[in-house]
Amino acid sequence: SSAPPLQRGARPPHGHATRIHAAGERLAEVVEQMIGLATHDGGPARMPPPPVANTTIPRPDMSLEEWGHTMRVLYVDDNESNRVLISTLLATQGIVCETADDGAQGVAAAADGGWDVILMDIQMPVMDGVEAARHIRALAHPISATSIIALTANTLDEQRAEYAQAGMDDCIGKPVQPVELFEKLLHWASIRRSEAASELTAAA
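The following block contains the structure:
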């Protein structure tokens with residue numbers, strides 16, 4: 001059965017302006033260079049699947065031009081190969097991606113503020129992604145309201161429910177499909193922007 005939607009929104013919007021064909025082509029080159037790298041959540045190193053799907057898939061028009069400013073994403077993952085691959089993919093679309101090596105570092109980086117979306121691995125040393133999400137949700141507003149998306153191979157319905165209970169807004173499975181990643185980044189960043197605008201209007 002399909003997993004229930006998580007918090008604050010439904011499916012990401014479609015039909016935006018900029019194409020991401022180049023993203024898939026550049027990413028395929030990166031994945032080919034790193035084909036033997038570990039990509040799982042914790043445990044001993046093993047071979048693919050890679051964190052980003054190296055496949056030919058339909059790529060709809062996307063919207064980063066309409067976003068209006070440079071999107072800033074924090075990606076928290078203890079696997080260096082994953083951090084390089086995802087950062088490279090986001091850079092193809094002009095998205096600024098900074099990284100943290102574990103959940104504790106992720107919470108500290110989140111506390112600095114200024115993030116449109118946080119991508120969160122789950123199984124990490126020091127502090128896992130679920131606990132990190134709880135800590136971020138306990139920070140002062142508006143930082144506590146930053147959209148958090150789990151980026152993990154652990155995507156069973158009960159696991160998704162655990163992420164939602166910890167305050168995560170959505171979940172993307174590994175290997176990542178570039179279209180899904182960009183759509184969900186735009187979706188959740190846009191929702192948070194709308195919420196922030198509503199809060200300013202209410203306070204006026």
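Numbering (this note's numbering), first residue to last: 1 to 204. For glycine and all other residues, C-beta sits at the position ideal for the given N, C-alpha and C. Every value quoted in this text rests on a predicted model; they were computed, and no experiment measured them.
- Of all the options 100, 71, 90, which has the alpha carbon lying nearest to the alpha carbon of residue 176? 90
- Status (buried if at least 16 other CB within 10 Å, exposed otherwise) for residue 126: exposed
- Would you mind stating whether residue 153 and residue 76 have Cβ atoms separated by less than 8 Å? no
- Task: With DSSP as the reference, please indicate the residues paired to residue 75 in a beta bridge.
- Result: 99, 119
- Taking C-alpha atoms, which residue in 183, 181, 170, 128 lies nearest to residue 157? 170
- Message: How far does the alpha helix (DSSP H) with residue 173 in it extend, from its first residue to its last?
- Response: Per DSSP, residue 173 belongs to no alpha helix (DSSP H); it is in the beta strand (DSSP E), 170-173.
- Message: Using 8 Å as the threshold, is the C-beta distance between residue 145 and residue 192 below it?
- Response: yes
- What are the boundary residues of the alpha helix (DSSP H) that includes residue 91? 80-91
- What are the start and end residues of the beta strand (DSSP E) that includes residue 150? 147-152
- Task: For the alpha helix (DSSP H) containing residue 129, list its first residue and its last residue.
- Result: 129-137
- Message: For residue 195 and residue 79, I'd like the C-alpha separation in whole angstroms.
- Response: 33 Å
- Item | Helix, strand or coil at residue 176 according to DSSP, with G and I counted as helix | strand
- Express the C-alpha separation of residue 162 and residue 148 in angstroms, rounding to a whole number. 13 Å
- Task: Quick one: give me the first and last residue of the alpha helix (DSSP H) that residue 161 is part of.
- Result: 157-165
- Message: Can you give me the C-alpha to C-alpha distance between residue 174 and residue 151, rounded to a whole angstrom?
- Response: 7 Å
- Short Cβ contact (8 Å threshold) for residue 107 with residue 72: no
- Query: residue 143 to residue 135, Cα distance in whole Å?
  - Reply: 11 Å
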